[in-house]
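J.: Numbering (the working numbering), first residue to last: 1 to 118.
(1) Would you list, in sequence order, the uninterrupted beta strand (DSSP E) runs of no fewer than 3 residues that lie entirely inside the stretch 27-86?
(2) Taking residue 4 as part of the alpha helix (DSSP H), name the residues at either end of that continuous run.
(3) Output needed for residue 39: all residues of its chain with C-beta closer than 7 Å, excluding positions within five of it in sequence on either side, in chain order.
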């Protein structure tokens, strides 16, 4: 991030120096209008318009990315909820199996006692 700021400042200084060196008056034709204006002003305004356009496109991209991140985070939460439910179900099944095993052992013990008494 710091490198971006430094690079932007260097680029801005280069544009400003270029504009100052080229400060002659030029005629700018736009649509049906002709204006006599300093070339430095044309350069600086063009650079500013370009920067604004880049910022707008970047903002749209960030909004799109943030929306996608929110959707993916929601999916993750849904998957985690489903996983927790499945873990709960597995735990219930394991408890039922443990109870079944315990009952089987109790029946075996009772069967041994009954067999030994006969």
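Idealized CB from N, CA, C, for every residue including glycine.
T.: The structure says:
(1) DSSP runs (the beta strand (DSSP E)) wholly in the stretch 27-86: 33-38.
(2) Counting along the chain, the alpha helix (DSSP H) containing residue 4 begins and ends at 2-21.
(3) Correct list, in chain order: 22, 23, 24 and 26.
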